[in-house]
Each structure stands twice: as structure tokens, then as C-alpha cells.
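Step one of this worksheet: look at the structure below.
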Amino acid sequence: PSPGLVLSALVPHSDGGLEGRFRSVLYMCAPSRVMLRAALLLWGPRRSLLYAQARSLSYEQGQSPEPRIREYFYYIDHQGQLFLDDARVKNFITCFKDKQFLVFFFKQIRRNQTGRYEQEFPYVSPCGRERNFIRCDDRPIVFTHLLQDPSSDSELLSYCGGAEKLTVKFEPEKLVMFRDNGRVYHPAPEKAGGVGLVKSALAFELSPSFEYAAGPDSGPPTHFRWNDKCYSLTNELVQIIEAEKGS
């Protein structure tokens, strides 16, 4: 991406006032450097502490563990919104919204195999010499909208604020619903884990189309009726999700 990209975000006052007082900040920087600039502007260099499985992990946004390497830390919530991991407030106002930045960031996501923070931040979005570590509420890919493919009669699932720039083909037969929490999943790009969460609002729209062999109390749905066609659900994503939970 070009270094002249202009990004705008609403951020809390640096004096710590969070009672609805926000100001607009413009960042003239490459997309991969937005996180550090925002953190330094708000709080100056700050160290965060993440508690994980009875041990603590500290990090500093923009830290340099070796020459010419910078590290940043992000969080993705169950709505597909992206934040600085150490942001004090995480909501629609403080998430990142610039479409060009989001498209670049999410297209780069892959499993963290860097040898650093692999347990606490299982995904990473690399950008040159920058390591952008990611943890998430559920999955790094969250499908938010169903779109019509302009080049065909098929439909697309859009994810994480990228609109038509971040999509996968909608495959109704591969949807999975977990009865214990009501969450719905769909195949995602393989390098990003292969499974994406369907945003709760979209899952609610899709839920009437699930059908059950012997009623809703008999077990997970077996079919999905969509556009006058009945699909037999493959449930092929269940094994992937269960295996990750077990590990």
C-alpha cells in the first residue's frame, strides 16, 4: 500500500475523559502503522498486560524485539470489528473503519507461526517487517453481509468491513449451526483458519431457513432451504472447530 493513505478515526481525549467526548484524528501513514500512531497519540508509549492461563504476558505497541522489526497487537470481536488490543474502550466508535486499510489487513491474515505469542495471539497479519499479532473473540473472519455477485447468479458473503472487496462464495450446504450457543459458521479463506463466524444479526436472518430431521429438539439442523432449493448440510466444518477447541 502507498504511504500517503489518509485514515480518519474517532478516539478518546488523551486526558482520559471517556464521557462521550471524542475528537477526530487524521493519520498520514501507511495502513500498517496506524495502530502504533494511534496508541502513541492517545497514551504515549504504554505497556499492556495480558493474562492467559495462569501466566502474564506483557507487550508494548510498536515494540522492536530485533533490529528493523516492529510488533503490533490487535483484537477482533464477534462482530468482526477491529481494535487495538489494548484499547480501553471497544465499540463501534473506536473500531477501525477505513475500508482500504481493512481490506489490506484482513487479506494478510494467517495463522501465527512466527514463534512469538503463538498461544495468546494465534493469528498474524504481516506487512513487510511489521508483525501484526491478532487475538479474537471467536474467529478472525466474521461474515457480516450477504451480497449478490454482479458477475453471476450466485451470492457472496462479505466479511470484516471490506464490503465487496472481502468476500467468499456463499455455500449454503456448508453452513454449521451449534445448538449450545446458536452460533453459525461458514467456510473462510484457508490461510485464515478455513472457518468464519457468521455475525449474529446475519445468523438471525438465516436461522428460519434451517430445517431439522425430527424437529428443532432432535439435534443439529440437517438441511438448509434457500432460494427455493433444499440443501443437505455437510457439517464438514464441525471437525475443524471441535479439533481446535480440543487443542
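Residue numbering for the sequence shown follows this note's numbering, beginning at 15 and increasing consecutively. Glycine is no exception: its CB is placed at the ideal position from the N, C-alpha and C atoms.
CB contact flag (residue i, residue j, <7 angstroms)
| i | j | result |
| --- | --- | --- |
| leucine 170 | aspartate 163 | yes |
| arginine 149 | isoleucine 83 | no |
| glutamate 219 | arginine 239 | no |
| phenylalanine 87 | phenylalanine 147 | yes |
| alanine 227 | threonine 236 | yes |
| phenylalanine 115 | lysine 104 | no |
| glutamate 134 | leucine 71 | yes |
| arginine 145 | glutamate 85 | yes |
For residue j and residue i, believed in contact at Cβ under 8 angstroms, the rounded distance
| i | j | result |
| --- | --- | --- |
| valine 117 | lysine 213 | The Cβ separation is near 18 angstroms, so there is no contact. |
| leucine 216 | phenylalanine 184 | The Cβ separation is near 11 angstroms, so there is no contact. |
| lysine 113 | glycine 196 | Contact flag wrong, Cβ pair sits at about 29 angstroms. |
| tyrosine 173 | isoleucine 255 | Their Cβ separation, rounded to whole angstroms, is 17 angstroms, which puts tyrosine 173 and isoleucine 255 out of contact at 8 angstroms. |
Exposed unless 16 or more other CB atoms sit within 10 angstroms - verdict on residue i
| i | result |
| --- | --- |
| alanine 257 | exposed |
| proline 222 | exposed |
| cysteine 244 | exposed |
| serine 139 | buried |
| valine 209 | buried |
| proline 201 | buried |
| aspartate 99 | buried |
| proline 45 | Residue confidence for proline 45 is low, a pLDDT of 48 falling below 50, so the modelled location carries little weight; the figure read from the coordinates is stated next. Buried, since its Cβ has 16 or more Cβ neighbours within 10 Å. |
| phenylalanine 106 | exposed |
| threonine 13 | The chain is shown only over 15 to 261; residue 13 falls outside these bounds and no answer can be derived. |
| alanine 66 | Legend: pLDDT at alanine 66 = 43, less than 50; position of this residue unreliable, no value from coordinates given. |
| threonine 108 | buried |
| alanine 101 | buried |
| leucine 55 | In this predicted model, leucine 55 has a pLDDT of only 48, less than 50, meaning its place in the structure is not dependable; the value taken from the coordinates is given anyway. When all chains shown are included, leucine 55 counts as exposed. |
>> Assess contact between the segment 152-168 and the segment 92-112, defined as three or more Cβ pairs (one per stretch) separated by less than 8 angstroms. Is contact present?
In response: Yes, the segment 152-168 is in contact with the segment 92-112.
> Does the segment 202-211 come close enough to the segment 122-129 to have 3 or more Cβ pairs within less than 8 angstroms?
Replying inline: Below 8 angstroms, enough C-beta pairs join the segment 202-211 and the segment 122-129 to call them touching: three or more.
>> Under 8 angstroms: do the segment 244-257 and the segment 187-194 share three or more Cβ pairs, one atom per stretch?
In response: Enough Cβ pairs lie closer than 8 angstroms, so yes.
>> Going residue by residue through the segment 202-260, where are the continuous alpha helix (DSSP H) segments of at least 4 residues, counting only ones entirely within it?
In response: For the segment 202-260, whole alpha helix (DSSP H) runs of length 4 or above, ordered along the chain, are 214-220, 251-260.
>> Extract the residue ranges of the alpha helix (DSSP H) inside the segment 102-152, only unbroken runs of 4 or more that lie entirely within it.
In response: If we require 4 residues or more, the alpha helix (DSSP H) runs fully inside the segment 102-152 come out as 113-121.
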